[in-house]
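Note sheet for the following structure.
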Amino acid sequence: DGGITQSPKYLFRKEGQNVTLSCEQNLNHDAMYWYRQDPGQGLRLIYYSQIVNDFQKGDIAEGYSVSREKKESFPLTVTSAQKNPTAFYLCDSMRYRGLCTDTQYFGPGTRLTVL
Amino acid sequence: KQEVTQIPAALSVPEGENLVLNCSFTDSAIYNLQWFRQDPGKGLTSLLLIQSSQREQTSGRLNASLDKSSGRSTLYIAASQPGDSATYLCAPAGGNTGTASKLTFGTGTRLQVTL
C-alpha cells in the first residue's frame, strides 16, 4: 500500500526543547516538502527537497532544520529558536520531473503544541 | 511574491445545489494549479490538477477551470452532497519567484452542505 506517513499525530514540546517530526513515503517520489498551517493563514512552505542530500529553504525556514539522507525520508526538526512553533505541520511528496509537475500527495499531519 | 485569494471564505448551501468556488492569484507565470480538499484535522487530498496549457479539468461532479492570463481559477461542484463539506484550497505552482514545484496556498473556502 503506497502512501506518505507522518508521526507522531500529536506532539507536545516544552519551551527550549528541540523536537523532530517524521515524514516517510514509499511512493518513490523525488520531491518532498514541509508546510506549516496556522488558523486563517493557509499553508506556508518551510523547507523542500527535490533530490537526496539537497534541500532548500522555503518562506519561513527560520527555527527549523531538515535532512534528506534517504529518498523515502524527510524529517523536520523544530528547534528552540522557533519562537511560535504551535501549529499543524504537513508533509507532502511529488514525483518531480523538472518543469513538468505532478500531483502532490499529503500526509495526515502532526499537531505540535508548546506547553 | 505570489499571493492567492479565495472567495468566499465560508459557504453554506442546501444539499443538491450547484456551487462555484473562486480563486485568484497575482503572478500568472504558473506551471499548474491544484485544487485540494481538507477535512478538519486532516491532511490535504488533491482533487484536480490543471496544467498551465489547459483550460479545465473534470473529475466526477467537480470541474475546475483556469484562466492563467487573468489569474483566476474556479472550482464548480455539481449537485452538492453533505459529504462535500470540507475546506477547499487552491494552490498555483511556480511563477516568476519560485520553482515549478513550489505551491502557494490560499486560505481556503470552508464549505458546509446541509440536509
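Listed in order, the protein sequences are those of chains Y and V.
Take any residue in the first sequence, note its place counting from 1, add 1332, and you have its number in our numbering.
Take any residue in the second sequence, note its place counting from 1, add 123, and you have its number in our numbering.
Backbone N, C-alpha and C define an ideal beta-carbon position, used for all residues, glycine too.
Please read these numbers as outputs of a predicted model, since none were measured by experiment.
*Going along chain V, which residues have a C-beta under 9 Å from Y:Q1349?*
From the beta-carbon of Y:Q1349, no residue of chain V is found nearer than 9 Å; the closest lies around 24 Å away.
_So if DSSP puts V:T210 in a beta bridge, which residue, or which two residues, is it bridged to?_
Answer by DSSP bridge pairing, in chain order: V:Q161, V:R233.
*What number of angstroms, rounded off, separates the C-alpha of V:L134 from the C-alpha of V:L170?*
Spanning the two alpha carbons is a distance of roughly 19 Å.
*If contact means a Cβ-Cβ distance below 9 Å, which residues of the region 1360-1379 of chain Y contact chain V?*
For the region 1360-1379 of chain Y, the beta-carbon criterion of a distance under 9 Å to any beta-carbon of chain V is satisfied by A1363, Y1365, Y1367, Q1369, G1372, Q1373, G1374, L1375, R1376, L1377.
*Could you please give me the residues that DSSP links to Y:L1444 through a beta bridge?*
BP columns for Y:L1444 point to Y:L1343, Y:A1419.
_If we define contact as Cβ-Cβ less than 8 Å, is V:G194 a contact residue for chain Y?_
At a cut-off of 8 Å, the C-beta of V:G194 has no neighbouring C-beta in chain Y.
_N-terminal and C-terminal residue of the beta strand (DSSP E) that V:K124 is part of_ = Note, V:K124: premise wrong, no beta strand (DSSP E); not H, not E.
*Exposed or buried, which one is Y:R1400 when buried takes at least 16 other CB atoms within 10 Å?*
By the neighbour-count definition (other C-beta atoms within 10 Å, threshold 16), Y:R1400 is a buried residue.
*asked:* With a threshold of 7 Å (Cβ to nearest heavy atom), would V:L226 be considered close to the ligand FAD?
replied: You won't find the ligand FAD in this model; it holds no ligand whatsoever.
*Please compile the residues from chain Y whose C-beta is within a distance smaller than 7 Å of the C-beta of V:G166.*
Under the 7 Å cutoff, chain Y gives L1422, F1438, G1439, P1440, G1441.
*Closest Cβ-Cβ distance between Y:Q1382 and chain V: below 8 Å?*
Residue-level contact by beta carbon holds for Y:Q1382 and chain V, with a gap shorter than 8 Å.
*Secondary structure of Y:K1402, DSSP reduced to three states*: The answer is strand: DSSP assigns Y:K1402 an E or B state.
*Local Cβ density within 10 Å of V:V127, reported as buried at 16 or more and exposed below that*: That one is buried.
*Does the beta carbon of V:L144 come closer than 8 Å to any beta carbon on chain Y?*
So no, V:L144 is outside the interface.
*Quick one: is V:A187 buried, meaning 16 or more other Cβ sit within 10 Å of its Cβ, or exposed?*
Buried.
*Tell me the DSSP bridge mates of V:Q177?*
The partner list for V:Q177 (beta bridge, DSSP) is empty, contrary to what the question assumes.
_DSSP-derived helix/strand/coil call for V:P205_ = Helix.
*Counting only beta-carbon atoms, is Y:T1435 nearer than 8 Å to chain V?*
At least one chain V Cβ lies under 8 Å of Y:T1435.
*Distance, V:D207 Cα to V:L234 Cα*: Each residue's Cα considered, the two are about 8 Å apart.
*Leaving out five residues before and five after Y:N1350 in sequence, what residues of the same chain have Cβ atoms less than 8 Å from its Cβ?*
The residues are T1409, V1410, T1411, S1412.
_Neighbour flag for V:L122 against chain Y, beta carbons, 8 Å_ = Chain V is shown only over 124 to 238; residue 122 of chain V falls outside these bounds and no answer can be derived.
*To the nearest angstrom, how far is it from the Cα of Y:T1337 to the Cα of Y:Y1437?*
Distance between the alpha carbons of Y:T1337 and Y:Y1437: 10 Å.
*Excluding sequence positions up to five away, which residues of its chain have a Cβ less than 7 Å from the Cβ of V:P131?*
Here the set comprises T232.
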